[in-house]
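Its first residue numbered 884, the sequence shown is counted upward by one per residue in the numbering used here.
Heads up: the structure comes next, in structure tokens.
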Amino acid sequence: MSDAVPTQARAPRLGEHLDQIRAGLHLDATGAAWLSELASFPLPVTPLVLPGPRRSAEILERLACPPEAVADAVATLPGPERDPERFFLLERCRARLLAGMGQPGLARGAWPQLPKSLGVPGGCFYLHLVLALFEDVRAEHRRLGVPDDVSWATLADLGRHVAIQRASTGRTGVDEPWWMTLHLRAILIEVGRLQYSTFRLGEGPESPLPWYDDAAAERLGEGLRPGDATLGIHIPAGEPLSPAACAQSLARAGELSAAIWPVATRRVATCCSWLLDDQLAGMLGPSSNIVAFQQRFVLVPGAVEGDHDVRTFVFRSMAPLDQLSATTSLQRAVLTHLRAGGHFLRRTGWVALDEEA
Ligand SMILES: CC(C)(COP(=O)(O)OP(=O)(O)OC[C@H]1O[C@@H](n2cnc3c(N)ncnc32)[C@H](O)[C@@H]1OP(=O)(O)O)[C@@H](O)C(=O)NCCC(=O)NCCS
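Have a look at this one:
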């Protein structure tokens, strides 16, 4: 990496004073608490060495980031002397993620967007964080035995989320920063059409809600009880959700997860999504991929309100209903339902892994 920016053997800098850093990052009181917590993590033995501009552009392009976003991120790469506050934050977020490598359980709220007043450099922060951990997570993938195509496909989710953020705000950024920390901790992989995360039921923000109460889970047996190892299934936006692509993905993921995240028993994979709202079956035609996807799952009783998810994933807009227009059959059905005062649900389902192998 000939154009890397070396940052080794730094003496403490004046700019590392937390108050100064907080002010430089325009952080409010909540942000200041976040900064203090991050600052309590010791820096890792391997210092942060950001790829240089040329290598950064190569990586971001391969991770499917739109060209405007690549240009923004490369133009605002922070350096320890040039941008001590952003560099400090980057070092500390990397330290936090390296300490959590392989571990679920990091709170969603611990990865806030930086204030808009920081402009393009602040918007690019989470792209820079992916660059900061790129070599670490690639090394972890190699150590775990994640195949190279899966490793690249996994990290290329960045491009999807940068494109979503650009489409909804017109600015470079990552729409849901916490989400990318799963990839950066090597606890989520993308296998063909679907993504999979590793976690234990009932533990941490990765665990699905609703889930069975303890007595019902106990009756259902091993694999579905609190603390049992499972996989979370996630559906990235993109190509149609064809049943064949899902079957292929589930079969490969069953084998891969056993090899890279070995546990004594992992019986099921779970999914928690608006896509499992069984009202959709009455709204979409018999050839619907969403309906076919639903049919794979045993639904867990109960639901969480899902209007926000449906608005996010079907319209990418929270505008008043009379300002939304529909071009697909799902959009038409969703608008009709919401305008009639109906609501959508987020449901949890599970599928037995041995049936998918
Ligand atoms: C999952 C997904 C790929 C399914 O799309 P699909 O394979 O086309 O699904 P279906 O075959 O059931 O689609 C039936 C109809 O609904 C439309 N449709 C499906 N998902 C749609 C979406 N998210 N937004 C708008 N229209 C959608 C289809 O275009 C099709 O319309 P048509 O009948 O006018 O041709 C799609 O919903 C998507 O990209 N979602 C975003 C990611 C997501 O929601 N993940 C889960 C997060 S919890």
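Glycine included, every Cβ here is placed at the ideal spot set by N, Cα and C.
Keep in mind the model is a prediction, meaning the values are calculated, not measured.
In terms of residue numbering, what span does the alpha helix (DSSP H) encompassing Ala1098 cover? DSSP places Ala1098 inside the alpha helix (DSSP H), whose first and last residues are Asp1097 to Leu1103.
Could you pull out every residue in the same chain whose Cβ sits closer than 7 Å to the Cβ of Arg979, ignoring the five residues on either side in sequence? Around Arg979: Leu921 and Phe924.
With the cut-off set at 9 Å, would you say Thr1055 and Gly1006 are in Cβ contact? Between Thr1055 and Gly1006, the CB-CB gap stays under 9 Å.
Report the option in Val1074, Val1183 and Ala1039 whose CA atom is closest to the CA atom of Cys1129. The candidate whose alpha carbon is nearest that of Cys1129 is Val1074.
Simplified DSSP assignment, three categories, for Gly1232: DSSP places Gly1232 in strand when its eight states are reduced to three.
Would the beta-carbon of Gly1168 be found less than 8 Å away from any heavy atom of ligand 1? For ligand 1, at least one heavy atom lies less than 8 Å from the Cβ of Gly1168.
Count the CB pairs spanning the stretch 1183-1194 and the stretch 1124-1141 that are closer than 8 Å, and state whether there are at least three. Contact fails: fewer than three Cβ-Cβ distances are below 8 Å.
Can you check which of these residues, Ala1141, Val957 and Val928, is closest to Arg937 by C-alpha distance? Taking the Cα of Arg937 as reference, the smallest distance to any Cα among Ala1141, Val957 and Val928 is reached at Val957.
Less than 9 Å between CB atoms is the rule here; does Met1166 satisfy it with respect to chain D? In the structure shown, chain D cannot be found, because there is only a single protein chain.
Please report the straight-line C-alpha distance between Glu974 and Gly1002, rounded to a whole angstrom. Answer to the nearest angstrom: the Cα atoms are 20 Å apart.
Report the option in Gly1165, Asp1097 and Gly1121 whose CA atom is closest to the CA atom of Val1183. When each option's Cα is compared against that of Val1183, the closest is Asp1097.
I believe Cys948 touches Leu908 by the beta-carbon criterion, under 8 Å. Please report the beta-carbon distance rounded to the nearest angstrom. Contact between Cys948 and Leu908 does not hold, since the beta-carbon distance rounds to 23 Å and is not under 8 Å.
Just the C-alpha distance for His1220 and Leu1236, rounded to the nearest angstrom, thanks. His1220 and Leu1236: Cα-Cα distance of roughly 34 Å.
Should the stretch 1151-1162 be called in touch with the stretch 1217-1231, which here means at least 3 C-beta pairs below 8 Å? By the Cβ test, the stretch 1151-1162 is in contact with the stretch 1217-1231, since at least three Cβ pairs between them sit closer than 8 Å.
Three CB pairs or more closer than 8 Å across the stretch 1105-1122 and the stretch 1141-1150: In short, these stretches touch, since the Cβ pair count reaches three.
Please report the residue range of the alpha helix (DSSP H) in which Phe1017 lies. Boundaries of the alpha helix (DSSP H) around Phe1017: Phe1008 to Leu1027.
Taking 8 Å as the cut-off, is the CB of Val1174 close to at least one heavy atom of ligand 1? Yes, ligand 1 has a heavy atom inside 8 Å of this Cβ.
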